[in-house]
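Here's the structure, in structure tokens; my notes come after.
Protein chains: 2
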Amino acid sequence: MKTTRRTFLNAALALSASLLIGGTAFTQTQDPLPSWNDGATKKAIVEFVAKVTKPGSPDFVPVAERIATFDNDGTLWCEQPMYFQLFFALDRVKALAPSHPEWKTKEPFASLLKGDVKAALAGGERSVLEIVMATHAGMTTEEFNQTVKDWVATAQHPIYKKPFTECVYQPMLELMAYLRANGFKTFIVSGGGIEFMRPWTEKVYGIPPEQVIGSSIKTKFELRDGKPVLVRLPEINFIDDKTGKPVGINSHIGRRPIAAFGNSDGDQQMLEYTQAGGGARLLMLVHHDDKAREFEYGSKSSIGTFSDALMAEAKAKNWNVISMKDDWKKVFAFEK
Amino acid sequence: MKTTRRTFLNAALALSASLLIGGTAFTQTQDPLPSWNDGATKKAIVEFVAKVTKPGSPDFVPVAERIATFDNDGTLWCEQPMYFQLFFALDRVKALAPSHPEWKTKEPFASLLKGDVKAALAGGERSVLEIVMATHAGMTTEEFNQTVKDWVATAQHPIYKKPFTECVYQPMLELMAYLRANGFKTFIVSGGGIEFMRPWTEKVYGIPPEQVIGSSIKTKFELRDGKPVLVRLPEINFIDDKTGKPVGINSHIGRRPIAAFGNSDGDQQMLEYTQAGGGARLLMLVHHDDKAREFEYGSKSSIGTFSDALMAEAKAKNWNVISMKDDWKKVFAFEK
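Taken in order, these protein sequences are the chains called S and U. Going by the numbering used here, the first sequence opens with residue 122, and the numbers climb by one from there. Going by the numbering used here, the second sequence opens with residue 122, and the numbers climb by one from there.
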């Protein structure tokens, strides 16, 4: 019976811990960041959290102001060999092709349908925009939400052969949970589509839709068969990238973050804006230097460019560069 | 041992309950809505909250989905004899006049500076827009934030002779607190300026900046003396009124509310959109029918128009119309 009692006690404690925001006891007895190797990076995280949460500390920050923002592609989940949202768009082109016979001869769709992604994207930003508008607009927000949910439930990463939502970085999941356990509110601030992320971020990252900021197309209120819906229009509303990130943060949060995490030139202004608030700050950039377990790319990559200028700025401003190879014990939860 | 087990289970449950936002015990022993008269309206609120929070009820709604949206002008605070934001704008015109000698002969500023508000606003929307842009743009978001804070700390309502932030409806403060105590997340969805509200909503309403949605002008990321700032541009970004409210809700929350509160034609689509989600819903409109304690206005008012068509829709769709006169024991906390 002792076992039974202990089971109940453990269950009760686990329940309490999961209900509390605090979790101080937890952090004292157990490593909250088990997938992080000991070293300067992990130390910077733990020390930052300790000082901003310690009452009376000169760096103490009230709970309401503990805002942490995370880029998504390349920071929380993988972005190679192509942004995952592009895989979604390409799958949608295939699914919608029967209702679009004109696509057989119209670029970029014609190349795409022949399986030649490279040729399809040769037109650069314009091609991508055409593909996005053709696959992301013209339906209600609820229909799009369902389409994303269906895709996420079945589509697989071409290399890892896992659902895309499993190609998320285990150390970053731990970091977000650790911050939340210490009273932080975690937000996604991504160049990706806001409505492409919202259907799954709560389940995958523990981040509810109202804490997701991203790029968007315009929507319009309409009555369809007497029912109020929002229809997605083929018109850009907001690009949440580079200088757009501080704008998006101000628009959605209305408060300056005290911690920001990115991995590319697209995150530069978010980190600058976060740091400029004064007081204790945690600024980190994931560096993809792990050819064996993930990918190795940086200044020369067209996806997730981490330029030499950004690296120089990081050094000059004491931002932490996370080495996937050295700082992460494990990259993905599915790793052996 | 069965008893011990039960004790542990009970202890665990009690612990959980006390940690939860719930507070059922509180609501059973004390009226959470003391400024509301007993009657159909108060009953509708309490019954709605009871059914969506009762585990196992067919109307149960998980905490994460308990979203309630509130219009601000005329719903949470007074909007007479003029939208409070216009008082702010007029005060700013006066404060900025010394640096704008051209305003002495340029409308709508000339009339304003002579104290003739009516003549100044005779140009309708265009005049208002000119005043707003002249007073709300051209500075950083932080400078504007401080200007609003300073104004709120000193300006007084011309009739009540109280700070504008005290001209808030006591019953609505209680309603928001009651909803939050039952796991709801409360949002403002206002036609007013998002950055005009955020500096004070946390203190006055308990609503943090990230839960405030409103109209906005564009902002631009800039380095000023090497410091990253957001500059407010004289260009409309978004009008959060009428059909714009569901658009704003989708953009900022990404989830359909289950309760919505307004007071005018500007809130019609927000209530329609909320109701269309299916399941238990609470839809309410504040009706200003209290000449003695506040104001009496409705279908003929240019501010906060509550048209006959809206009243007819409310009746047809079983929305609750809150009579200030009959449903509210007290309107303002400062009332004798």
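By construction, the Cβ of each residue, glycine as well, lies at the ideal position given by its N, Cα and C atoms.
Assign residue i to one of three DSSP states: helix, strand, or coil.
i	result
P219/U	helix
Y459/S	Residue 459/S is absent from the model: chain S starts at 122 and stops at 457.
I309/U	strand
S372/S	helix
Y326/U	helix
R187/U	coil
T340/S	strand
N193/U	coil
N266/S	helix
G244/S	helix
F455/S	coil
K348/S	strand
F181/U	coil
W321/U	helix
Q151/U	coil
Y281/S	coil
I424/U	coil
S232/U	helix
N358/U	strand
I142/U	For I142/U, the predicted structure reports a pLDDT of 42, less than 50, and the residue's modelled location is therefore unreliable. A value from the coordinates is still provided. Residue state, collapsed to three classes: coil.
T162/U	helix
Per DSSP, which residues does residue i bridge with? Please list them.
i	result
D410/U	E417/U
T395/S	Answer is none; T395/S lacks a bridge partner.
G383/U	L406/U
T261/U	V352/U
G314/U	S336/U
W198/S	D194/S and V289/S
V173/U	Paired residue(s): none; V173/U is not in a bridge.
I443/S	V407/S
H272/S	The amino acid occupying residue 272/S in the given sequence is Trp; His does not appear at that position. BP columns for W272/S are empty, so no partner.
W449/S	W157/S
For residue i, go through chain S and note every residue whose CB falls closer than 7 Å to its CB, in chain order.
i	result
K348/U	A397
N371/U	T262, T340 and L351
Taking just the CA atoms, how far does residue j sit from residue i?
i	j	result
I252/U	P292/U	33 Å
R376/S	A210/U	23 Å
D448/S	G160/S	7 Å
V452/U	G335/U	24 Å
E331/U	S232/U	37 Å
G327/S	A298/S	8 Å
K239/S	Y204/S	14 Å
P257/S	Y281/S	This sequence places His at residue 257/S; Pro is not what is there. In a straight line, the C-alpha of H257/S is about 26 Å away from that of Y281/S.
M432/S	G419/S	10 Å
K421/S	F427/S	8 Å
V310/S	L234/U	43 Å
P222/U	N371/S	33 Å
G195/S	P176/U	40 Å
G399/U	A413/S	50 Å
T148/S	F308/S	Caution is warranted here: a pLDDT of 46 is assigned to T148/S, below 50, making its placement in the model unreliable, and the coordinate value is therefore given only provisionally. Taking the straight line joining both Cα atoms gives about 22 Å.
Could you tell me which of the options sits nearest to residue i, measuring between CA atoms?
i	options	result
L197/S	K450/S, F427/S and L406/S	L406/S
K450/U	M432/U, K421/U, Q332/U and D411/U	D411/U
P153/U	I374/U, L300/U and Q389/U	L300/U
T364/S	V238/S, K446/S, A380/S and Q390/S	Q390/S
G369/U	S337/S, Y394/S, A397/S and P367/S	S337/S
S220/U	Y204/U, A255/U and P202/U	A255/U
I374/U	M318/S, F427/S and T275/S	M318/S
K172/S	K282/S, A401/S, I309/S and A437/S	A401/S
P367/U	K341/S, G383/S, N358/S and E415/S	K341/S
K270/S	K235/S, E316/S, I309/S and V249/S	E316/S
V289/S	L392/S, E415/S and A185/S	E415/S
A380/U	E323/U, P355/U, S444/U and N303/U	N303/U
In chain U, what lies closer than 8 Å to residue i by C-beta?
i	result
A185/S	E323 and P329
P355/S	Residues of chain U passing the Cβ test: none, with the nearest at roughly 16 Å.
I374/S	P330 and E331
R319/S	G375
P367/S	F342, P349 and L351
Starting from the beta carbon of residue i, find every residue of chain U whose beta carbon is closer than 9 Å, and list them in chain order.
i	result
S232/S	Under the 9 Å cutoff, chain U gives no residues; its nearest Cβ is about 34 Å from S232/S.
Q390/S	F342 and P349
E434/S	Those within 9 Å of E434/S in chain U number zero; the least Cβ separation is about 12 Å.
Y394/S	F342, P349, V350 and L351
Name the chain S residues whose beta carbon is nearer than 9 Å to that of residue i?
i	result
S385/U	Per Cβ cutoff of 9 Å: no residues; S385/U is ~17 Å from chain S at best.
Y326/U	Ordered by position in chain S, no residue passes the 9 Å Cβ test against Y326/U, which lies about 14 Å from the chain.
S337/U	S372
Which chain S residues sit within Cβ distance under 8 Å of residue i?
i	result
T364/U	K341 and F342
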